[in-house]
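For the sequence shown, our numbering gives the first residue as 3, with consecutive numbering after it. Backbone N, C-alpha and C fix where the C-beta goes; we use that ideal spot for every residue, glycine too. Remarks on the structure that follows.
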Amino acid sequence: MRIDCLTTFPQLFDSHMNESIMKNAQRNGYLEFHAHNLRDWATGNYKKTDDYVYGGGEGLIMLAEPIFDAVASLLGEEEVEARISAHSKGEAAEGKKARIIIAAPQGRILNDKLASELSQEERLFFICGHYEGLDERVYALADDVISIGDYVLTSGELSSTVIIDSVVRKIPGVLGAETGAVNESFSDYLLEHPQYTRPVNVRGLEVPEILRSGNTPEIEKFNRSESVKRTWVNRPDLIERALRDGLLSPIDLETLEKVKSRRQY
């Protein structure tokens, strides 16, 4: 997969994209990442990328013109024109070279399903907002507007990084195995079960005995029940979604009833 980010602060990606899993993904050929400085397409002595809002309002928003010019340079003028034309007709552009994403509060909420969907793409292109946001006309270029939650950040680079991380770890092989991300939280709406490592006892807090038994079927059963319990206590909305989609087994439902009635299991 190739990921491009158009940004006024390309250095903001350095620490995350050059460490740990993201670094390994690039080194091992699963990811090609490029951060492009929007100021390379800005004009004037100060390479200005923002201005005041028409009609009044606080703060500055990012100029549309250098963004359009940058996308045209990186993806082709024909694609920009096709996207603008399709947007004006309320249609989706065809023959696109990349899936363009803008991270913004008004977008649909990022979740595990969307991250999996995006991980199937060959190329993603992020337009990163900053200050008070983007000139509304820039959204004519976007295939997706995605929110990472009901709050506002100073930097679209931060929210874009969250989306990128959630997507890249879904690419088969990035986590070290073809199914590396399958058993993580949210893969079936349930939160991941508690996990432990050595030593067995830390300040009187012990690893559950069942996890030390070597009895794989019983360990799997225990871990699944802990996932159901944790999800019900912390994210009951996810339990409701799992029930709606028929993802809970009869044993899961039995565990859930015990949790709801606060009986021990």
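Problem set entry | Assigned secondary structure, G109 (DSSP; H/G/I helix, E/B strand, else coil) | Here the question's residue 109 lines up with position 107 in the sequence shown. In this structure, G109 counts as strand in the three-state DSSP scheme.
Problem set entry | Range covered by the alpha helix (DSSP H) that runs through M24 | By 1-based counting over the sequence shown, the position of residue 24 is 22. Unbroken alpha helix (DSSP H) run through M24: S22 to R29.
Problem set entry | Spatial neighbours of T181 in its chain, beta-carbon cut-off 7 Å, leaving aside the 5 residues before and after | Here residue 181 refers to the residue found at position 179 of the sequence shown. Low per-residue confidence applies at T181: pLDDT is 47, beneath 50, and the placement is therefore not dependable enough to give any value.
Exercise. According to DSSP, which residues form a beta bridge with T9?
Worked result: The residue labelled residue 9 in the question sits at position 7 within the sequence shown. Assignment of beta-bridge partners to T9 by DSSP yields N39.
For this session: Give the C-beta separation of M159 and F15 to the nearest angstrom, bearing in mind that I take them to be a contact with Cβ-Cβ under 8 Å.
Result: For the purposes of this step, residue 159 is taken as the residue at position 157 of the sequence shown. For the purposes of this step, residue 15 is taken as the residue at position 13 of the sequence shown. For clarity, residue 159 is Glu in the given sequence; the question names Met instead. Yes, they are in contact, since the Cβ atoms of E159 and F15 sit about 6 Å apart, within 8 Å.
Exercise. Count the other CB atoms within 10 Å of the CB of H38; is the residue buried (16 or more) or exposed (fewer)?
Worked result: As a working note, residue 38 is residue 36 in the sequence shown. It is buried - the Cβ of H38 has at least 16 other Cβ atoms within 10 Å.
Exercise. Short check: CB of M3 to CB of D167, under 8 Å?
Worked result: As a first step, residue 3 must be located in the sequence shown, where it is residue number 1. As a first step, residue 167 must be located in the sequence shown, where it is residue number 165. No, these two residues do not count as a Cβ contact at 8 Å.
Problem set entry | Best match in A27, T9, D6 and L155 for proximity to R171 [C-alpha to C-alpha] | Translated into the one-based positions of the sequence shown, residue 171 becomes position 169. Nearest option by C-alpha distance: A27.
Exercise. Within the chosen definition, does the stretch 91–105 reach the stretch 127–141 through at least 3 CB pairs nearer than 8 Å?
Worked result: yes
Problem set entry | Alpha-carbon to alpha-carbon, A100 and K231 | Working through the sequence shown from its first residue, we reach residue 231 at position 229. Working through the sequence shown from its first residue, we reach residue 100 at position 98. Going by the C-alpha atoms only, they are around 41 Å apart.
For this session: Give, in chain order, every unbroken run of the alpha helix (DSSP H) that is at least 4 residues long and sits entirely within the stretch 92–165.
Result: 114–120
Problem set entry | E143 to L77 span [Cα, whole Å] | Looking up residue 143 in the sequence shown gives position 141. Looking up residue 77 in the sequence shown gives position 75. One detail in the question is off: residue 143 reads as Leu in this sequence, not Glu. One C-alpha to the other measures close to 11 Å.
Exercise. By a C-beta neighbour count over all protein chains shown, 10 Å radius and 16 as the cutoff for buried, is L249 buried or exposed?
Worked result: In the sequence shown, the residue the question calls residue 249 occupies position 247. It is exposed - the Cβ of L249 has fewer than 16 other Cβ atoms within 10 Å.
Exercise. Under the criterion of a Cβ to heavy atom distance below 7 Å, does Q28 qualify as lining the ligand GDP?
Worked result: Among the components of this structure there are no ligands whatsoever, and the ligand GDP is therefore not found.
For this session: Locate the alpha helix (DSSP H) running through M279, then write down its first and last residues.
Result: Nothing can be reported for residue 279, as the shown portion of the chain is limited to 3 through 267.
For this session: Return the first residue and the last residue of the alpha helix (DSSP H) that D254 is part of.
Result: In the sequence shown, residue 254 corresponds to position 252, counting from 1. P252 to K262 is the span of the alpha helix (DSSP H), which, as asked, contains D254.
For this session: Can you give me the Cβ contacts of V202 inside the same chain, cut-off strictly under 8 Å, excluding the 5 residues immediately before and after it?
Result: The residue labelled residue 202 in the question sits at position 200 within the sequence shown. If we look at V202 and ignore the five residues flanking it on each side, its Cβ neighbours are E208, V209 and R214.
Problem set entry | Distance, I63 Cα to S347 Cα | Examination of residue 347 is not possible in this model, given that the chain is present from 3 through 267 alone.
Exercise. Do you know how far the Cα of P252 is from the Cα of Y32?
Worked result: The count along the sequence shown starts at 1 and reaches residue 32 at position 30. The count along the sequence shown starts at 1 and reaches residue 252 at position 250. Cα-Cα distance, rounded: 39 Å.
Problem set entry | DSSP-derived helix/strand/coil call for E208 | Your numbering for residue 208 matches position 206 in the sequence shown. It is a strand residue.
For this session: Jot down the residue ranges of each uninterrupted alpha helix (DSSP H) in the stretch 199–248, minimum 4 residues, whole runs only, in chain order.
Result: Counting only runs of 4 or more, we get 218–236 and 238–246.
Exercise. Are the CB atoms of I86 and L112 nearer to each other than 8 Å?
Worked result: Residue mapping note: residue 86 aligns to position 84 of the sequence shown, counting from 1. Residue mapping note: residue 112 aligns to position 110 of the sequence shown, counting from 1. In this structure, L112 does not lie closer than 8 Å to I86 by Cβ.
Problem set entry | Buried versus exposed call for S75 [16 or more other C-beta atoms within 10 Å across all chains shown] | Within the sequence shown, the letter at position 73 stands for residue 75. S75 comes out exposed.
Exercise. Looking only at DSSP bridge pairs, what is E194 linked to?
Worked result: Residue numbering aside, residue 194 sits at position 192 when the sequence shown is read from its first letter. Note: E194 sits in no beta bridge, so no partner.
Problem set entry | Reduced DSSP category for R171 - H, G, I as helix; E, B as strand; rest coil | As a working mapping, residue 171 is identified with position 169 in the sequence shown. Three-state DSSP puts R171 in coil, outside helix and strand.
Exercise. Can you tell me the Cα-Cα spacing of K115 and N236, whole angstroms?
Worked result: As a working mapping, residue 115 is identified with position 113 in the sequence shown. As a working mapping, residue 236 is identified with position 234 in the sequence shown. Roughly 20 Å separates the two Cα atoms.
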